[in-house]
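Chemist: This is the structure I have questions about; it appears just below.
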Amino acid sequence: MKKLLLTCSLILSTSALFGCGSLETTNSNVASSNEQACDFGDVKLLADFPTSRMDECRRVGTRNFEILLKPENRPINSSPWYAFRAVAEQPTTINITMKVDGDVHRYLPKLSTDLKAWSLIDYQDNGDLRSFSIDATAKPSYIAGQEIIDNQYYVDWAKKLQAMTDISHEVLGKSIQNRPIYKLESKAETNQWLVLLGRMHPPELTGALALFPFVETLLADNALANEFRRQYNILLIPNINPDGVYAGNWRHNMNGVDLNRDWNKFKQPEVQQIDAYLEQLVADGQKIVFAVDFHSTRRDIFYTMPSDYGVENPYFVEHWLGELDRQMPEFDVIQKPGNNPNAGVSKQYFADKFGVHAITYEMGDNTDRKFITRIADKAASTLMSVMLSDQNHNKR
Ligand SMILES: [Zn+2]
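Numbered per mature numbering (1 follows the signal peptide of the UniProt record, and there is no 0), the sequence shown spans residues -18 to -1, 1 to 378.
In structure tokens form, the structure reads like this:
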């Protein structure tokens, strides 16, 4: 049955929209991506929770379903996101085929029943169709492109941090759909600030999986971290695009704009409010010294500002990442300096507006999760050591 479906779908995929022999159709409204369903009583595929996305779903056989993935708007970076749950009255194996409308698959399908432990699903690619089978039961099986980390997760995590250390958790601003954009702050005895940003791009989960341990290492109760927090304030804005996270967007905010292309235009409320907050900090006599913005891409890479760009402490980032490279021989630290004056990316904003270094910290989509944690832990501890040392960053 499965093989027949695949063959049939492939032949017709150029002439028909997708697949063949459709029995029933549930078309969805792309704008309200958390309300889609293939609801057939005995078996249901549901995109009815925060972060969910399954743009069109059709049942094409008793146990066979086809899902079409579409972005929130175009043009858009290739990041087809999906997240949905399967429920069956009686335990049954169902076959799911996914196609991306006008794009290619990026995120490998993963399965969880508790939204905590995730496993990779074996899949087959046949042309632009990706197929896999799962065992559906009365208890929901969650299928998603990456681990699901929703807006509530960040709030719960912040509460855990507050139980661990002295850190504030407050609303910095509001998204277009009025969701809170939170900031966490650890206060030092100086006016020096480290700024950490996350989740401008909703599906970039490995960036989030790096941010959590990175921050926890900075907030740890040990001599290095305690001294660091005595000398440096930390401003953390971990979830900058809560509307996009909620809607399961591939990339954009609810205006259909890439927030990491708005740091020179400041037209989006999410970016505007953060910029205004940082401006106010500086107006109040505070000094931003460095910023890290967490993302994901196809490989582990650190996008930096060139050491000759004209920011203060020109070799500071080279020194930090060089130290990380020395301390992690098993990790190939790739530094990619770049100057993109009109791109509107956050690292350029920090360099241009505050005259300091900033980096885009990118983890690979498929990097081993434990390794992401180890890298983040070491990246944070080496950052603290280098920022506390009296090393001269004016020379290589
Ligand atoms: Zn990104």
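Think of the CB as a built atom: it goes at the ideal place given N, C-alpha and C, for glycine as much as any other residue.
Applying the 10 Å Cβ sphere with the 16-neighbour rule, what's the burial state of P73?
Modeler: The residue given as residue 73 occupies position 91 in the sequence shown. It is exposed - the Cβ of P73 has fewer than 16 other Cβ atoms within 10 Å.
Chemist: For K377, tell me which candidate among S289, K318 and D85 has the shortest Cα-Cα distance.
Modeler: Locating residue 377 in the sequence shown gives position 395, where the first residue counts as 1. Per the Cα distances, S289.
Chemist: Collect the residues with a C-beta less than 5 Å away from any heavy atom of ligand 2 and give them in sequence order along the chain.
Modeler: Ligands displayed in this structure: ligand 1; ligand 2 is not among them.
Chemist: Express the C-alpha separation of A265 and D334 in angstroms, rounding to a whole number.
Modeler: For this step, residue 334 is matched to residue 352 along the sequence shown. For this step, residue 265 is matched to residue 283 along the sequence shown. Whole-angstrom Cα-Cα distance: 16 Å.
Chemist: Check V12 in the structure and name its three-state DSSP category.
Modeler: Here residue 12 is taken as the residue at index 30 of the sequence shown, counted from 1. Since pLDDT at V12 reaches only 33, below the 50 mark, its modelled position is unreliable, and no value is offered.
Chemist: Could you tell me which uninterrupted beta strand (DSSP E) segments, each at least 3 residues in length, are contained entirely in the region 80 to 104, listed from first to last along the chain?
Modeler: Whole beta strand (DSSP E) segments, 3+ residues: 92 to 94.
Chemist: Would you say P32 and D132 are within 7 Å of each other, going by their C-beta atoms?
Modeler: Here the question's residue 32 lines up with position 50 in the sequence shown. Here the question's residue 132 lines up with position 150 in the sequence shown. It is a contact, given that the beta carbons lie within the stated cut-off.
Chemist: Hey, could you find the ends of the beta strand (DSSP E) T342 is sitting in?
Modeler: Numbered from 1 along the sequence shown, position 360 holds the residue referred to as residue 342. Start and end: A340 to G346.
Chemist: Starting from Q201 and walking both ways along the beta strand (DSSP E), at which residues does that stretch end?
Modeler: Taking the sequence shown and counting its residues from 1, one reaches residue 201 at position 219. The question names Gln, but residue 201 in the sequence shown is Leu. Premise fails: L201 is in no beta strand (DSSP E) and is neither H nor E.
Chemist: Quick one: using the 10 Å Cβ neighbour count with 16 as the cut-off for buried, is P251 buried or exposed?
Modeler: Position 269 of the sequence shown, counted from the first residue, corresponds to residue 251. Counting Cβ neighbours within 10 Å, P251 comes out buried, since at least 16 surround it.
Chemist: What are the boundary residues of the beta strand (DSSP E) that includes T286?
Modeler: The residue you call residue 286 lines up with position 304 of the sequence shown. Taken as a continuous stretch (DSSP letters only), the beta strand (DSSP E) holding T286 covers I283 to T286.
Chemist: Taking only three categories from DSSP, how would you classify W302?
Modeler: One-based indexing of the sequence shown puts residue 302 at position 320. Reduced to three states, the DSSP call for W302 is helix.
Chemist: Is Q61 near P185, with beta carbons less than 7 Å apart?
Modeler: Reading the sequence shown from its first residue, position 79 is the one you call residue 61. Reading the sequence shown from its first residue, position 203 is the one you call residue 185. For clarity, residue 61 is Ser in the given sequence; the question names Gln instead. Yes, the Cβ-Cβ distance between S61 and P185 is below 7 Å.
Chemist: Taking the alpha-carbon positions, what's the S150 to S168 distance?
Modeler: Walking along the sequence shown from the start, residue 150 turns up at place 168. Walking along the sequence shown from the start, residue 168 turns up at place 186. In a straight line, the C-alpha of S150 is about 7 Å away from that of S168.
Chemist: Return the residue from the list A65, G230 and I58 that minimises the CA-CA distance to I49.
Modeler: For the purposes of this step, residue 49 is taken as residue 67 along the sequence shown, with counting starting at 1. Closest by alpha carbon: A65.
Chemist: DSSP state of W139, grouped into three classes?
Modeler: Mapped onto the sequence shown, residue 139 falls at position 157. Residue state, collapsed to three classes: helix.
Chemist: P311 by DSSP, collapsed to three states: which one?
Modeler: Position 329 of the sequence shown, counting from 1, holds the residue named residue 311. Three-state DSSP puts P311 in coil, outside helix and strand.
Chemist: If we count the other Cβ atoms within 10 Å of its Cβ and call it buried at 16 or more, is Q128 buried or exposed?
Modeler: Stepping through the sequence shown from its first residue, residue 128 is reached at position 146. The residue in question, Q128, is buried, as its Cβ has 16 or more Cβ neighbours within 10 Å.
Chemist: Let me confirm a value: M146 is counted as buried when at least 16 other C-beta atoms fall within 10 Å, else exposed. Which label applies?
Modeler: Along the sequence shown, one-based indexing puts residue 146 at 164. Classification of M146: exposed, given that the 10 Å Cβ count is below 16.
Chemist: Quick one: using the 10 Å Cβ neighbour count with 16 as the cut-off for buried, is D347 buried or exposed?
Modeler: Along the sequence shown, one-based indexing puts residue 347 at 365. Buried, by the Cβ-count rule.
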